[in-house]
Each structure stands twice: as C-alpha cells, then as structure tokens.
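For the sequence shown, the positions run 127 to 211 when this note's numbering is used. Here the structure is laid out as structure tokens; the discussion comes afterwards.
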Amino acid sequence: MATKSADNVGHGERGTASVELVAAVPFLLLALAVAAQIALAGQALWSASVAARAGAHTVEVASSHVAMISHPHEVTELIIAAAQA
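Put into structure tokens, the structure is as follows:
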C-alpha cells in the first residue's frame, strides 16, 4: 500500500480556485450591471419628479441628435423664449 508523501498532498485540487473564480466573475459582473441600471432608473425618476415640481415642460424639434446645427432657428427661438419666461 502506497502512502502519500507530504509533497503530494492536495495536488488533486490544483487550479480549483481559478476555476471557481472564472465561474463566479460573470455573475458578479451581471449583479454589478443590474445594480447600475437600478441606480440609473432611480436617478431618472428623481430628476423627472424634480422637473415636474418645478413646472418644467419639454419641446421637441424634429431633428437628428444635433438639433442646434440642423435647426438653428428653432433652437434659437426656444432659448430666447426660455430666457424671457
């Protein structure tokens, strides 16, 4: 009957911690992403409630993402109206 020497004890588990870490990291990243999305949703709701209490309103300009370049006249009128309010 062969006995294990002190040098060979535990070698069957070599790399186990690395495998467990690789398995756990995606779940940790998913939890972090969910927490970030919840925080962003909360911030958006908070901002909307503050704007509603302040009596804010929105104006839409049929444009792409850079309205001040594609529709400068409409944007200028909006800024002037806001400054005079």
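By construction, the Cβ of each residue, glycine as well, lies at the ideal position given by its N, Cα and C atoms. Model, not experiment: these values are computed from the prediction.
For residue i, does the three-state DSSP call read helix, strand or coil?
| i | result |
| --- | --- |
| VAL185 | coil |
| VAL192 | coil |
| ARG140 | coil |
| ALA149 | helix |
| ALA167 | helix |
| ALA207 | helix |
| HIS197 | coil |
Rounded to the nearest angstrom, how far is the Cβ of residue i from that of residue j, given a contact under 8 Å?
| i | j | result |
| --- | --- | --- |
| VAL187 | VAL176 | In fact, because the Cβ distance is near 23 Å, the residues do not count as touching under 8 Å. |
| SER122 | HIS197 | Because the chain is modelled from 127 through 211, residue 122 falls outside the range shown and cannot be assessed. |
| LEU204 | VAL185 | 6 Å |
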